[in-house]
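> Protein sequences appear in the order of chains A and B.
Here the first sequence is numbered in our numbering, starting from 40 and rising by one per residue.
Here the second sequence is numbered in our numbering, starting from 40 and rising by one per residue.
Even glycine gets a Cβ: it sits at the ideal position worked out from N, Cα and C.
Source: prediction; values computed, not measured.
2 protein chains.
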Amino acid sequence: MATKGNLLYAQSGGPTAVINTSVWGALQAARSCAAVGDIYAAYHGIQGVLDGELFDLAAEDQLQFAKMPHTPGAVLGSCRYRLQQEATEDYQKILDIFRRRNIRYFLYNGGNDSMDTCNKLHHFFQEQNYECAVIGVPKTIDNDLVLTDHSPGFASSVRCVSTLMAEVTVDACSYTTPQILLFEIMGRNAGWLTAGSALARLSGFGPDLIYLPERTFSLENFLRDVENLQAQKPHIVIAVSESLRLADGRYVKELSGTKEHDVFGHEQMGGAAQLLAAYLKKNLHTKVRAIEFSLVQRAACHLASQVDLYEAYHVAEYAVKLAVSGVSGKMAALQRQSNQPYQVDYKAVDLDAVANAEKKLPSSWINAAGNDVTDEFISYCLPLISNREDAGRYDVPLELTDNGLPCFAYLKKQLLL
Amino acid sequence: MATKGNLLYAQSGGPTAVINTSVWGALQAARSCAAVGDIYAAYHGIQGVLDGELFDLAAEDQLQFAKMPHTPGAVLGSCRYRLQQEATEDYQKILDIFRRRNIRYFLYNGGNDSMDTCNKLHHFFQEQNYECAVIGVPKTIDNDLVLTDHSPGFASSVRCVSTLMAEVTVDACSYTTPQILLFEIMGRNAGWLTAGSALARLSGFGPDLIYLPERTFSLENFLRDVENLQAQKPHIVIAVSESLRLADGRYVKELSGTKEHDVFGHEQMGGAAQLLAAYLKKNLHTKVRAIEFSLVQRAACHLASQVDLYEAYHVAEYAVKLAVSGVSGKMAALQRQSNQPYQVDYKAVDLDAVANAEKKLPSSWINAAGNDVTDEFISYCLPLISNREDAGRYDVPLELTDNGLPCFAYLKKQLLL
Numbered sequence: 040m041a042t043k044g045n046l047l048y049a050q051s052g053g054p055t056a057v058i059n060t061s062v063w064g065a066l067q068a069a070r071s072c073a074a075v076g077d078i079y080a081a082y083h084g085i086q087g088v089l090d091g092e093l094f095d096l097a098a099e100d101q102l103q104f105a106k107m108p109h110t111p112g113a114v115l116g117s118c119r120y121r122l123q124q125e126a127t128e129d130y131q132k133i134l135d136i137f138r139r140r141n142i143r144y145f146l147y148n149g150g151n152d153s154m155d156t157c158n159k160l161h162h163f164f165q166e167q168n169y170e171c172a173v174i175g176v177p178k179t180i181d182n183d184l185v186l187t188d189h190s191p192g193f194a195s196s197v198r199c200v201s202t203l204m205a206e207v208t209v210d211a212c213s214y215t216t217p218q219i220l221l222f223e224i225m226g227r228n229a230g231w232l233t234a235g236s237a238l239a240r241l242s243g244f245g246p247d248l249i250y251l252p253e254r255t256f257s258l259e260n261f262l263r264d265v266e267n268l269q270a271q272k273p274h275i276v277i278a279v280s281e282s283l284r285l286a287d288g289r290y291v292k293e294l295s296g297t298k299e300h301d302v303f304g305h306e307q308m309g310g311a312a313q314l315l316a317a318y319l320k321k322n323l324h325t326k327v328r329a330i331e332f333s334l335v336q337r338a339a340c341h342l343a344s345q346v347d348l349y350e351a352y353h354v355a356e357y358a359v360k361l362a363v364s365g366v367s368g369k370m371a372a373l374q375r376q377s378n379q380p381y382q383v384d385y386k387a388v389d390l391d392a393v394a395n396a397e398k399k400l401p402s403s404w405i406n407a408a409g410n411d412v413t414d415e416f417i418s419y420c421l422p423l424i425s426n427r428e429d430a431g432r433y434d435v436p437l438e439l440t441d442n443g444l445p446c447f448a449y450l451k452k453q454l455l456l
Numbered sequence: 040m041a042t043k044g045n046l047l048y049a050q051s052g053g054p055t056a057v058i059n060t061s062v063w064g065a066l067q068a069a070r071s072c073a074a075v076g077d078i079y080a081a082y083h084g085i086q087g088v089l090d091g092e093l094f095d096l097a098a099e100d101q102l103q104f105a106k107m108p109h110t111p112g113a114v115l116g117s118c119r120y121r122l123q124q125e126a127t128e129d130y131q132k133i134l135d136i137f138r139r140r141n142i143r144y145f146l147y148n149g150g151n152d153s154m155d156t157c158n159k160l161h162h163f164f165q166e167q168n169y170e171c172a173v174i175g176v177p178k179t180i181d182n183d184l185v186l187t188d189h190s191p192g193f194a195s196s197v198r199c200v201s202t203l204m205a206e207v208t209v210d211a212c213s214y215t216t217p218q219i220l221l222f223e224i225m226g227r228n229a230g231w232l233t234a235g236s237a238l239a240r241l242s243g244f245g246p247d248l249i250y251l252p253e254r255t256f257s258l259e260n261f262l263r264d265v266e267n268l269q270a271q272k273p274h275i276v277i278a279v280s281e282s283l284r285l286a287d288g289r290y291v292k293e294l295s296g297t298k299e300h301d302v303f304g305h306e307q308m309g310g311a312a313q314l315l316a317a318y319l320k321k322n323l324h325t326k327v328r329a330i331e332f333s334l335v336q337r338a339a340c341h342l343a344s345q346v347d348l349y350e351a352y353h354v355a356e357y358a359v360k361l362a363v364s365g366v367s368g369k370m371a372a373l374q375r376q377s378n379q380p381y382q383v384d385y386k387a388v389d390l391d392a393v394a395n396a397e398k399k400l401p402s403s404w405i406n407a408a409g410n411d412v413t414d415e416f417i418s419y420c421l422p423l424i425s426n427r428e429d430a431g432r433y434d435v436p437l438e439l440t441d442n443g444l445p446c447f448a449y450l451k452k453q454l455l456l
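1) Taking the alpha carbon of residue 117(B) as the reference point, which residue from 124(B), 80(B), 107(B), 362(B) has its own alpha carbon closest?
2) Can the beta-carbon of residue 110(B) be found less than 8 Å from the beta-carbon of residue 447(B)?
3) For the stretch 64-80 of chain A against the stretch 358-370 of chain A, do three or more pairs of beta-carbon atoms, one drawn from each stretch, fall closer than 8 Å, so that the two count as touching?
4) Would residue 195(A) and residue 354(A) qualify as a contact pair, given that the criterion is a beta-carbon distance under 8 Å?
5) What's the gap between the Cα of residue 250(A) and the Cα of residue 323(A)?
6) Taking 8 Å as the CB-CB limit, is residue 447(A) close to chain B?
7) If I measure Cβ to Cβ from residue 434(A) and keep anything under 7 Å in the same chain, skipping five residues before and after, which residues do I get?
8) Alpha helix (DSSP H) containing residue 324(A): first to last residue?
9) Can you check DSSP and say which residues form a bridge with residue 399(A)?
10) Does chain B have any CB closer than 8 Å to the CB of residue 110(A)?
11) Given 8 Å as the limit, is there contact between the stretch 46-64 of chain A and the stretch 78-97 of chain A, that is, 3 or more CB pairs closer than that?
12) Where in the stretch 148-222 of chain A do unbroken runs of the alpha helix (DSSP H), each at least 4 residues long, occur, reported from the N-terminal end onward?
13) Report the partner residues of residue 75(A) according to the DSSP bridge assignment.
14) By the criterion of Cβ-Cβ separation under 8 Å, what are the contact partners of residue 242(B) in chain A?
15) Looking at the structure shown, is residue 121(B) part of a helix, part of a strand, or coil, going by DSSP?
16) I'd like the list of long-range same chain contacts for residue 376(A), defined as Cβ closer than 8 Å, with 5 residues on each side in sequence excluded.
17) Mind checking whether residue 241(B) and residue 444(A) have CB atoms under 8 Å apart?
18) How would you list, in chain order, the residues of chain B whose beta-carbon sits under 7 Å from the beta-carbon of residue 274(A)?
19) Where do the ends of the alpha helix (DSSP H) carrying residue 137(B) lie?
20) Need the endpoints of the alpha helix (DSSP H) that residue 353(A) sits in, please.
21) Using a beta-carbon distance cut-off of less than 9 Å, what residues from the stretch 336-347 of chain A approach chain B?
22) Rounded to whole angstroms, what's the CA-CA distance from residue 265(A) to residue 280(A)? Just pull it up for me.
23) Who are the Cβ neighbours of residue 350(A) in its own chain at under 6 Å, not counting the five residues just before and after it?
24) Between 352(A), 456(A), 409(A), which has its C-alpha nearest residue 178(A)'s C-alpha?
25) Hey, could you find the ends of the alpha helix (DSSP H) residue 419(B) is sitting in?
26) Buried or exposed, going by whether 16 or more other CB atoms sit within 10 Å of the CB of residue 233(A)?
27) For the beta strand (DSSP E) containing residue 94(A), name the first residue and the last one.
28) What's the call for residue 267(B), buried or exposed, on a 16-neighbour Cβ count within 10 Å?
29) Compare the beta carbon distance of residue 520(B) and residue 64(B) with 8 Å and say whether it is the shorter of the two.
30) In this structure, how does DSSP classify residue 261(B) when only helix, strand and coil are distinguished?
31) For a contact meaning CB atoms closer than 8 Å, what does residue 209(B) contact in chain A?
32) What residues in its chain sit with their C-beta under 8 Å from that of residue 436(A), if we drop five residues either side in the sequence?
33) Note down, in chain order, each residue of its chain lying with its Cβ closer than 8 Å to the Cβ of residue 227(A), except the 5 sequence neighbours on either side.
34) Under 9 Å Cβ-Cβ, which residues of chain A neighbour residue 133(B)?
35) Give the residues from the stretch 51-75 of chain B that approach chain A closer than 8 Å (Cβ to any Cβ), ordered along the chain.
36) Mark residue 356(A) as exposed unless 16 or more other C-beta atoms lie within 10 angstroms of its C-beta, in which case mark it buried.
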């Protein structure tokens, strides 16, 4: 029997509502692999590896793992550290730690930047003839990773955004007073999550207009769109991406660029929705309210999608199996098999192709006027937040605690000496 | 047998997550009263009465009422219309409608302003010798109605605010980077809901500092409080009420009062948290993020408190019983019998005493430094969001729909001719 190799798991980048469920899936899979010895986690991603801050994941209280589906943030700690090509010292440090701890399987959970780090390490280990399987575990609410049908984390954010938007819209419709609600939705360069807000319509109260960063934003067209709607209905709901850009390349949020300062001398920088609300107020003399869900969009575990939780668990499980099978330089990806019933398979895709690529919303999923999504997008997105039993429903009951507050997983993270 | 009188129910002011459950409770109670004939609702509160816009509540599809606990906003329509003492024309109009429809029981669901309207109508009907029982049904997320232990709607907003705050705080603690989170919480003049954010601590991730409008706000003390904490921990969480005031009487949000204008020429008016975030950034050179949950605080039915739903139903039921018993000029109120186990009774209190009074947080429930609540407040507040079966748990299952989105009640509101 070959000597066992140890496994290291780490989280990187912005959290999603389901990344901690992936930790659980990876741990369970690793425990059942005869080839895996110790199961470590790095504290604060690759930064923790560089600092030698590892801990024994398998030694943690196992009861805590059942709480992972309710636990937002990065339970292992995250980082924004990105390995630079020329940072030879970093690579050497990592290799030293890996050798010292006999780490032969490395799983890195993250988005585009993290997949780049993952890929660089894979190539470095190969050059150095250090045998280690490096596998990426996908995760991003932005849904902009290529070669995977979607990324874990996206669906839960869609469910959060569409639920909150529906509820707030119902509230705003309580009065006869005309009102415009402007919701600002997260998404670095891609409009997936903003587009996902369209699902709120299934509750009867969704956005009337959706503006995505995939299309150049025009203030004139925006004003005309809203004016046209005002002739039809008193309450207008608009979803705008935080990263909308004008034809001259400037972000909409940079429109406050006159660099005005508040009473403390600090530069005021409102978001896109706040700026556009001011624009509508000035031009339409209507009540306008800008709403930004902020970090709630990625932290609202209590609204996590059952399908998303299920897939976050299983994609990490699959990633461990890939690593143990001797594959390296791959990302575990999701491949949709069918939509009715919704079914996915897991597959390995090349990190070379994933790293730093960015998946935008296909042009055919945006309407001609550039202010809405098409039915094709809805068909793509809806099954991801489904609660149907046949859709890979996650079976950890999302039960309330006795005191009515959420109960989070807690890991001791006793660092290895 | 005496002639039956008809009953009219209406909603007023800002919605809460549970006001529609009160409609259900009132309807069920009214149906079982032999003295009640038709059961009407006004569309958009007293405004609807003035406009003669009434509809038959009992004729609505009964299946819709089971969805009330999931339905935010005002399902009957709300208004901000306040009866003025001298508006004799309004009173006469209302009396005419009441006579014409033989309305002998009027239940008005609202906060302070609405109780004032309710009280004025009660006295007017008495003067005019028009026999009609006028009863107020309490409702406000601000929890500032006097003579009731608490107001329906408050607890659900507390559960929403504390849950979201806990989840977002866990997220922010994922990184090693020091960060200050500033949450702005609703509350017109009282700090109840801001204080309620303290419950997030029971999840392990709550606010470090809480600033209430009951205490004069000092920028200097605020800065010192935060600096002291920075010496102890990297992540600092602060809850501020939207209605904080400085010693000179100005609202904190008025600190942007240099009347600067954005690029559209519109006056910029950030909230208290945004202003205070700018102040901390300038003075502490730390990462600071201001978060405002906005209307989510009162519309998040998916986070409604079970106790709150239960009480919203039963307080309305009690109000109907009061009306039918011949009492008028009262508000149905909650009286806490015991805290362990948590038990309430319902009682009638005088609208004369309730109308326009405002209940602030007692001084003894705020700590000496004026930056936190005491344990007494926690003991008061915690049972209200409890999920214990013995605490008057509401038995409508908060089940998810198949598509993962909320499903709202829909009333046809066919206006009476």
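On the basis of the coordinates in this document:
1) 80(B)
2) yes
3) yes
4) For residue 195(A) and residue 354(A), no; Cβs fall outside 8 Å.
5) 19 Å
6) yes
7) In this prediction, residue 434(A) scores a pLDDT of 49, lower than 50, which makes its location untrustworthy; no coordinate-derived value is stated.
8) Bounds of any alpha helix (DSSP H) do not take in residue 324(A), whose DSSP letter is neither H nor E.
9) Bridge partners of residue 399(A): none, in fact.
10) yes
11) yes
12) Within the stretch 148-222 of chain A, the runs of alpha helix (DSSP H) that reach at least 4 residues and sit entirely inside it are, in chain order, 151-166, 193-211.
13) 44(A)
14) Residues of chain A passing the Cβ test: 444, 445, 446, 447.
15) coil
16) For residue 376(A), where only same-chain residues beyond five positions count, the Cβ hits under 8 Å are 382, 383, 384.
17) yes
18) Ordered by position in chain B, no residue passes the 7 Å Cβ test against residue 274(A), which lies about 11 Å from the chain.
19) Where residue 137(B) is concerned, the enclosing alpha helix (DSSP H) stretches over 127-140.
20) 345-363
21) 337, 338, 339, 340, 341, 342, 344, 345, 346
22) 16 Å
23) 191.
24) 352(A)
25) 414-420
26) Its Cβ being crowded by 16 or more others within 10 Å, residue 233(A) is buried.
27) 93-95
28) exposed
29) Nothing can be reported for residue 520(B), as the shown portion of chain B is limited to 40 through 456.
30) Of the three classes helix, strand and coil, the one that applies to residue 261(B) here is helix, per DSSP.
31) Correct list: 110, 111, 112, 338, 447.
32) Caution is warranted here: a pLDDT of 49 is assigned to residue 436(A), below 50, making its placement in the model unreliable, and the coordinate value is therefore given only provisionally. Taken in chain order, the list of residues that qualify is empty.
33) 181, 183, 282
34) Near residue 133(B) there are no residues of chain A at all, since even the closest Cβ is about 18 Å away, more than 9 Å.
35) 54
36) buried
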